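Number of protein chains: 2
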Amino acid sequence: MRETILPRPRRSGCPINLTLEQLGDRWSLIVIRDIMFGNRRTYGELLAQSEEGIASNILADRLKRLTAAGLLTRRPDPGHRQRGIYSLTEAAIQLVPLLAHMAAWGRRHTRPSKELSVRAELLEKGGASLWNAFMDELRHLHLGAPRPARSVLDELQRAYERAVARRR
Amino acid sequence: MRETILPRPRRSGCPINLTLEQLGDRWSLIVIRDIMFGNRRTYGELLAQSEEGIASNILADRLKRLTAAGLLTRRPDPGHRQRGIYSLTEAAIQLVPLLAHMAAWGRRHTRPSKELSVRAELLEKGGASLWNAFMDELRHLHLGAPRPARSVLDELQRAYERAVARRR
DNA sequence: TCGCTCTACTTGCATATTGCAAGTAATCTA
DNA sequence: TAGATTACTTGCAATATGCAAGTAGAGCGA
Chain A
152 MRETILPRPR RSGCPINLTL EQLGDRWSLI VIRDIMFGNR RTYGELLAQS EEGIASNILA
212 DRLKRLTAAG LLTRRPDPGH RQRGIYSLTE AAIQLVPLLA HMAAWGRRHT RPSKELSVRA
272 ELLEKGGASL WNAFMDELRH LHLGAPRPAR SVLDELQRAY ERAVARRR
Chain B
152 MRETILPRPR RSGCPINLTL EQLGDRWSLI VIRDIMFGNR RTYGELLAQS EEGIASNILA
212 DRLKRLTAAG LLTRRPDPGH RQRGIYSLTE AAIQLVPLLA HMAAWGRRHT RPSKELSVRA
272 ELLEKGGASL WNAFMDELRH LHLGAPRPAR SVLDELQRAY ERAVARRR
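Listed in order, the protein sequences are those of chains A and B.
Under my numbering, think of the first position of the first sequence as 152, with each following residue one higher.
Under my numbering, think of the first position of the second sequence as 152, with each following residue one higher.
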């Protein structure tokens, strides 16, 4: 049974605080990151391919919350009626610059693994024009907008694969 | 007695994840925001002037954690030996663009109060050059760098006060 | 149509984190 | 030296997280 999620009262009207109230926990942005950069669209994909090993109940909870908050939408898979396909909303797509900055900060001030920071580096070097191209691509993949010429997702994926290959 | 904080094992080497492991909770960035934008430097100031009403034990815990993580430093107040004065480190100062993006996202996708989003608006419109000026000012206030000509803190504060005055 | 497998979640329970209220000891002030 | 402040702690209830197991469809092959 789908339980209702009781909304917490807002702590203040500060926009930083309100962003934190929606996304300030240890998993919400991980889920969005995986849908966004990993193009994982279903519960099963998100669970099985989770780099951080998210627990199944937490994933279910976050998918519910993020959908309720207007960051994700869920539509049934026509070929498999039990399955839901999750898409980013425009609000979630506009988190691209935020995630890019988080990646850039993490690259500088934590000790990330080499392979996993290749994407972050590319994202940082590409700057706003790359982010915009990526957002256009996400609008195509998630909102049905026309397919743009450039696929940033492919670029990131290829860079990552080169890094993994170089490793050996 | 100061308890030791047991470090959690890292979930993955992804830089976004590592940033989240340090800052992905409901209070850490609020504390940094208040030190950064509100220039609150002591426990008492942070507690009493907290817009969101942080609990005293959570504040104490976060000050410890953030200090251990290298985002804050604590030095004793020469005029009041019990009191600690907290300063941002360079790593924390480099969160300015991240907080600016959080503020911008919150302004667009949540329902912030008008007065409190004035600063966010200014921060967004000012862009990277404003952020850099602000970071220089923070390096002066927290790291002993020379005082820059421009005070972004003053500009933000005046804009906020004008907004509050306009309200009446 | 029967049974098998797969999948999208739930559920139960232990542990960790949060939040409130109260407490304490060190410091400052008169 | 007495009283007020301040910088935290502590106790406890409520909530969130994490692990392991369970369940109710749905798809599929015979």
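From the three backbone atoms N, C-alpha and C, an ideal C-beta is built for every residue, glycine too.
If you're wondering where the values come from, they're calculated on a predicted model, not measured in any experiment.
Among the options, nearest to residue i - alpha-carbon criterion
i      : options                        : result
A/V269 : B/G164, B/P160, B/P299         : B/G164
A/S179 : A/Y194, A/G189, A/D212         : A/D212
B/L210 : B/L294, B/Y237, B/R232, B/G230 : B/Y237
A/P299 : A/E306, A/A310, A/A284         : A/A284
B/D228 : B/M253, B/L239, B/I186, B/R192 : B/R192
A/L169 : B/N208, B/L250, B/Y194         : B/L250
A/A296 : A/A206, A/Q233, A/G235, A/T240 : A/T240
A/G203 : A/L223, A/K215, A/V182, A/N190 : Note that residue 203 of chain A is Glu in the sequence shown here, rather than Gly. Closest by alpha carbon: A/V182.
B/E306 : B/L214, B/L281, B/S207         : B/L281
B/H291 : B/R309, B/R232, B/N190, B/G195 : B/N190
A/Y194 : A/F188, A/D176, A/L214, A/G175 : A/L214
A/T224 : A/G230, A/H231, A/G235         : A/G235
A/R301 : A/L289, A/H293, A/L294         : A/L289
B/H293 : B/S207, B/N208, B/R226, B/A206 : B/R226
A/E188 : A/R159, A/A255, A/Q308         : Rather than Glu, the amino acid found at residue 188 of chain A in this sequence is Phe. If we check each option's Cα against that of A/F188, A/Q308 comes out closest.
Integer-rounded CB distance, given that residue j should sit under 8 Å from residue i
i      : j      : result
B/E172 : B/R161 : 6 Å
A/R258 : A/A271 : 5 Å
A/M253 : B/I167 : 5 Å
B/G175 : A/D176 : 6 Å
Identified DSSP bridge partners for residue i
i      : result
A/D228 : A/H231
beta-carbon residue i near the ligand ATP non-hydrogen atom, thresh 7 Å
i      : result
A/H260 : In the structure shown, the ligand ATP is absent, as is every other ligand, since no ligand is present at all.
* To do: May I have a chain-ordered list of the beta strand (DSSP E) segments no shorter than 3 residues that lie completely inside the stretch 164-245 of chain B?
  => 223-228, 231-239
* Three or more beta-carbon pairs under 8 Å between the stretch 305-317 of chain B and the stretch 258-269 of chain B, yes or no? -> They touch, by the three-pair rule.
* the stretch 274-286 of chain B touching the stretch 217-229 of chain B, judged by at least three CB pairs closer than 8 Å -> no
* Segment contact flag, the stretch 194-204 of chain B with the stretch 240-259 of chain B, C-beta cutoff 8 Å, min 3 pairs -> Two segments are said to touch when three or more pairs of C-beta atoms, one from each, lie closer than 8 Å; by this definition the stretch 194-204 of chain B does not touch the stretch 240-259 of chain B.
* **Every unbroken alpha helix (DSSP H) within the stretch 241-311 of chain B, with a cutoff of 4 residues, ordered by chain** => 241-244, 247-260, 265-294
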